[in-house]
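Take the first sequence: its letters are residues 139 to 382, numbered as in our numbering. Notes follow once the structure below has been shown.
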Amino acid sequence: MPEGPSIIILKEAVKEFKGQTVIDATCNNGAIDAGRLINQPITDFKSWGKHFLICFPEFTIRVHMMMFGSYRVNSHRDKPARLHLQFENGELNFYAAQLLMINEPLDDLYDWETDVMSGLWDSYKAIEKMKAEPDLLACDALMNQQMFSGVGNIIKNEVLFNTHIHPLSKVNAIPPKKLKEMTNEARRYSFDFLKWKKAGVLKRHWLAYNKKECPRNHVPFMVKDTGKSQRKSFYCELCQTLYR
DNA sequence: GCTAATGTTATCGC
DNA sequence: GGCGATAACATTAG
């Protein structure tokens, strides 16, 4: 479920509850004190990268889907929800999500300019942050939530393939124009992801992620655990340049 | 039944 | 203390 665009879909799916008052709330693992939510109005839903934010007047609940999180709007599963919110006009349930109570103003916590889905996204900032890290690899840069908030492993692979950049390229060795292209593609592709995910056709548009061979020249993709987080990269040694 | 997967953080050992 | 490696959490499609 995760990656930034999926959180945008979630935000749209729950907008009927904006302004609604929580009439009952439960949390099945004690991560947050659900009692604090009761009789509180939801002032807004926001997102930053993969973080989904439920805003109340005095605090915010941060919901992170991690790998396996899911949600239901106006329905529920058999098992108890990690977070259950009941309203006059319906219910909202989260499962296997990581919850966090935030008591500070969100603007103190989040830099909205690093979120690839945000209207405030600043590509220049991402480039400056990348340049500041000497041995940073392209695969790690794209996965770095402080640089490309919302980008996950699928978007990473598609962006590197689309821009012909080898995942193990050193960011500082990538020519400036090319690095700019990669940075802009991270945002541009995220909106393709959003459009295709909404239409239920995301998988069929994958060119690299989980694919066996390069669609450009039909040689097998290299599949390697790359970078700090050792996440899978699918890449073509013929058409993706290794800058080093 | 087993495996791997759109993710992140805490902890361990050097 | 800093670093990387490892564990932990948790779900389900294939």
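We put the beta carbon where it would ideally sit given N, CA and C, even for glycine.
Locate the beta strand (DSSP E) running through residue i, then write down its first and last residues.
{"i": "T198", "result": "T198 to H202"}
{"i": "H332", "result": "Contrary to the premise, residue 332 reads as Leu rather than His in this sequence. Per DSSP, L332 belongs to no beta strand (DSSP E); it is in the alpha helix (DSSP H), P314 to K336."}
{"i": "A346", "result": "First-last for A346: undefined, no H or E at that position."}
{"i": "Y209", "result": "S208 to V211"}
{"i": "I192", "result": "H189 to C193"}
{"i": "F183", "result": "D182 to W186"}
{"i": "K362", "result": "M360 to T364"}
Going along the chain, which residues of its own chain have a beta-carbon closer than 7 Å to the beta-carbon of residue i, five neighbours each way excluded?
{"i": "N322", "result": "S261"}
{"i": "W186", "result": "Y248, W250, D253 and S287"}
{"i": "V361", "result": "K370 and F372"}
{"i": "I240", "result": "F197, T198, R200 and L247"}
{"i": "I192", "result": "I180, F183, T198, I199 and V201"}
{"i": "N295", "result": "A346, Y347, S371 and F372"}
Pull up the distance between the alpha-carbon of residue i and that of residue j, whole angstroms please.
{"i": "V297", "j": "R326", "result": "9 Å"}
{"i": "E266", "j": "V309", "result": "11 Å"}
{"i": "A219", "j": "Q284", "result": "30 Å"}
{"i": "F206", "j": "A235", "result": "7 Å"}
{"i": "I293", "j": "K349", "result": "14 Å"}
{"i": "K318", "j": "L340", "result": "25 Å"}
{"i": "D162", "j": "A172", "result": "9 Å"}
{"i": "K366", "j": "D278", "result": "7 Å"}
{"i": "C377", "j": "G257", "result": "32 Å"}
{"i": "G157", "j": "E226", "result": "11 Å"}
Taking the alpha-carbon of residue i as reference, which of the options has the nearest alpha-carbon?
{"i": "E375", "options": "R369, N355 and S367", "result": "N355"}
{"i": "Y381", "options": "L275, F329, D330 and W334", "result": "L275"}
{"i": "Q224", "options": "A264, F155 and I147", "result": "F155"}
{"i": "E229", "options": "P195, V211, K315 and P358", "result": "V211"}
{"i": "D273", "options": "W259, L244, T301 and I312", "result": "I312"}
{"i": "L244", "options": "H343, W334 and F190", "result": "F190"}
{"i": "M204", "options": "P358, K149, Y233 and K263", "result": "Y233"}
Excluding the five sequence neighbours on either side, which residues of its own chain have a C-beta within less than 8 Å of the C-beta of residue i, listed in chain order?
{"i": "G290", "result": "P140, E141, G142, K188 and M281"}
{"i": "K336", "result": "I147"}
{"i": "H214", "result": "H222, E229 and N231"}
For the putative contact between residue i and residue j, defined by C-beta atoms under 8 Å, what is the C-beta separation to the nearest angstrom?
{"i": "H97", "j": "T181", "result": "Residue 97 cannot be examined here, being either before or after the span of the chain that is shown, 139 to 382."}
Please report the residue range of the alpha helix (DSSP H) in which residue i lies.
{"i": "G228", "result": "Taken as a continuous stretch (DSSP letters only), G228 belongs to no alpha helix (DSSP H), being part of the beta strand (DSSP E) at G228 to Y233."}
{"i": "S144", "result": "E141 to A151"}
{"i": "M281", "result": "A276 to M281"}
{"i": "K156", "result": "K156 -> no alpha helix (DSSP H), and no H or E assigned at all."}
Spatial neighbours of residue i within its chain, please: CB distance less than 6 Å, with the 5 preceding and 5 following residues excluded, ordered by chain position.
{"i": "Q178", "result": "V160 and F194"}
{"i": "A169", "result": "L237"}
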